[in-house]
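Below is one structure, written out as structure tokens; comments come after it.
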Amino acid sequence: MSELLTLDEVDRDGAIRETMAAIADDSRAGFLKRSMLATGGIVGGGALLAAIASPAQAATANDVSILNFALTLEYLEAEFYTEAVAMGALSGEVLDFARIVAQHERAHVSFLKKALGTAAVPKPFFNFRGTTENQAKFKATAQVLEDTGVMAYAGQAPLIDANAILAAALSVHSIEARHAAWIRHINNAPPAPVAFDKPKTKQQILTAVAGTQFITGTPAMTASGGSPAFTG
Amino acid sequence: MPEHLTLEVVDQDGAIREALDEVQSSSRMSFLKQAVVAGGTIAAGGVLLGGMPKLALSAPGPAQDAAILKFALTLEYLEAAFYTDAVSKGALRGETLQFARVVGAHERAHVAFLKKALGSKAQPSPTFDFKGTTEDMAKFQATAIVLEDTGVAAYNGQGPNLTKPTLAAAGSIVSVEARHAAWIRDIVGKNPAPVAFDPAKTKAQILAAVNATGFIKA
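From first to last, the protein sequence lines are chains A and B.
Convert by adding 231 to the 1-based position in the first sequence; the result is the number in our numbering.
Convert by adding 8 to the 1-based position in the second sequence; the result is the number in our numbering.
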């Protein structure tokens with residue numbers, strides 16, 4: 232798996248592996264939270280140079296951390312929609328929505344992985360607990376995920392250091408809002424329920440994501456040095 | 009007239025006026041259409057990043073924040089007046105009427121917020137002529153899509169030029185504009201989220217597009 236290779240390549244000094252081993256028996260909530268915190272300080276901006284237009288601009292550790300947070304959310308969304316389409320339980324406009332949004336979320340994942348390079352966190356394992364196999368459950372879950380995505384980007388945007396990264400984050404932020412309004416419209420919920428959308432902090436978002444129990448663990452590790460870690 | 013003052017104050021280096029001159033020969037609808045779909049081909053993140061940094065003007069600060077908020081206020085005045093006028097004209101029905109009522113209330117709230125943020129620097133509302141688009145449901149729907157998509161592109165374009173606290177405030181508005189855009193698009197059967205990355209536009213591009221509508225009376 233490419234994300235495993237990435238991890239091995241990045242984790243020269245074993246810092247990530249150490250972190251993961253330390254939390255292997257933790258709750259999912261704990262894992263997600265700590266993996267976010269862990270990524271921030273590991274890798275410098277070199278990896279971003281290739282992806283960000285201005286070569287003079289090195290990504291700060293802060294920006295790497297924010298991008299990895301976003302990447303985890305986008306992994307989750309991309310997997311959710313891709314799986315829902317594959318399961319075959321959706322029909323009509325709901326299926327159209329899932330297909331188009333899946334494509335967008337995969338594009339967001341690709342973009343973030345490219346921007347982060349070797350600093351990108353690996354994709355976690357997911358269990359969507361039946362929400363991708365039932366149209367009603369899918370619709371309700373999609374609405375929560377998209378509203379959450381909007382609040383997450385709104386919360387992180389003012390914390391981003393580099394203008395190029397900020398501009399990219401903003402262009403994703405409003406797309407998540409379009410998705411949210413679309414699925415709300417399909418669900419007969421108000422597409423724009425308030426005049427001002429509220430941001431949420433990283434901690435609030437991670438707690439909400441952990442509450443879904445959709446993230447079941449980290450990828451199994453086939454360590455280059457032969458030391459087995461744990462399997463998700 | 010207020011909009012002349014606004015333009016003079018904002019357009020320090022003549023960029024807007026230059027852009028306006030360029031588009032004078034374009035027809036109103038075709039220009040607006042071009043302006044709105046111009047960013048639609050942006051599909052890959054690399055391309056997006058390549059284009060973005062050009063949008064930044066200079067280092068953010070209070071004076072630049074004020075100029076940008078005044079720009080946003082002009083757009084919100086226009087949107088608020090458009091929806092309020094459309095509801096009062098009585099040509100809308102069904103979900104389109106509901107949309108206009110809800111969105112009208114949001115845009116008026118955005119106006120109130122920006123006026124409060126600007127204080128004495130806030131310019132008065134221009135007067136508008138919506139050229140029949142508030143009196144016909146199909147024209148209203150088509151115009152609302154353009155206005156909302158334009159609002160999203162405007163806020164996204166200005167985000168990196170703002171100080172962080174002002175960016176946070178603008179961020180709570182832009183996603184609501186995006187929700188409006190998706191909603192009206194779905195009402196008329198258009199793709200609510202046509203691309204994976206929303207395009208951003210410069211102030212000059214937005215003002216040229218708005219001016220080309222002829223909605224702001226001179």
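Cβ coordinates follow ideal geometry from the N, Cα and C atoms, glycine included.
Check, Outcome
"Reduced DSSP secondary structure (H/G/I, E/B, other) of residue 21 of chain B", "Any reading at residue 21 of chain B is ruled out, since the residue's pLDDT is 38, under 50, leaving its predicted position unreliable."
"Spatial neighbours of residue 203 of chain A in its chain, beta-carbon cut-off 6 angstroms, leaving aside the 5 residues before and after", "Absent from the model: residue 203 of chain A. The displayed extent of chain A is 232 to 463, so no value can be given."
"Cβ of residue 334 of chain A within 8 angstroms of any chain B Cβ", "yes"
"Distance between beta carbons of residue 166 of chain B and residue 228 of chain B, contact taken as under 8 angstroms", "Not covered by the structure: residue 228 of chain B. The range shown for chain B is 9 to 226."
"Opening and closing residue of the beta strand (DSSP E) in which residue 446 of chain A lies", "446 to 448"
"Extent of the continuous alpha helix (DSSP H) run through residue 173 of chain B", "172 to 195"
"Beta-carbon proximity list for residue 308 of chain A, same chain, < 7 angstroms, skipping 5 on both sides", "336, 376, 380"
"Cutoff 8 angstroms: residue 134 of chain B Cβ touching any chain A Cβ", "no"
"Simplified DSSP state of residue 79 of chain B, which is helix, strand or coil", "helix"
"C-alpha gap between residue 88 of chain B and residue 116 of chain B, whole angstroms", "5 angstroms"
"Spatial distance of residue 399 of chain A from residue 414 of chain A (CA atoms)", "23 angstroms"
"Three-pair Cβ contact test at 8 angstroms for the segment 413 to 432 of chain A versus the segment 184 to 197 of chain B", "yes"
"As assigned by DSSP and simplified to three states, the class of residue 414 of chain A", "helix"
"Cβ pair residue 85 of chain B, residue 134 of chain B closer than 8 angstroms", "yes"
"Where residue 180 of chain B meets chain A, residues with beta-carbon distance less than 8 angstroms", "385, 427, 428, 429, 430"
"Segments assigned beta strand (DSSP E), at least 3 residues, entirely inside the segment 281 to 341 of chain A", "none"
"Beta-carbon neighbours of residue 172 of chain B, restricted to chain A and to distances below 7 angstroms", "389"
"The segment 347 to 365 of chain A / the segment 149 to 158 of chain B touching (three or more Cβ pairs under 8 angstroms)", "no"
"Cβ-Cβ separation, residue 391 of chain A to residue 397 of chain A (assumed contact under 8 angstroms), whole Å", "4 angstroms"
"Residue 130 of chain B to residue 441 of chain A span [Cα, whole Å]", "44 angstroms"
"Interfacial residues, the segment 205 to 222 of chain B to chain A, with Cβ spacing under 9 angstroms", "205, 206, 207, 208"
"Distance CB(residue 222 of chain B)-CB(residue 139 of chain B) smaller than 8 angstroms", "yes"
"Residue 136 of chain B (DSSP reduced to helix, strand or coil)", "strand"
"Which listed residue (B:169, B:207, B:173) has its alpha carbon closest to that of residue 186 of chain B", "B:207"
"The segment 427 to 445 of chain A contacting the segment 329 to 347 of chain A, beta-carbon criterion three pairs below 8 angstroms", "no"
"Beta-carbon proximity check, residue 295 of chain A vs residue 350 of chain A, cutoff 8 angstroms", "yes"
"Minimum C-alpha distance to residue 122 of chain B - residue among B:181, B:210, B:198, B:216", "B:181"
"Same chain, Cβ closer than 8 angstroms to residue 108 of chain B, neighbours up to 5 away in sequence not counted", "91, 94, 95, 100, 148, 152"
"Neighbour flag for residue 67 of chain B against chain A, beta carbons, 8 angstroms", "no"
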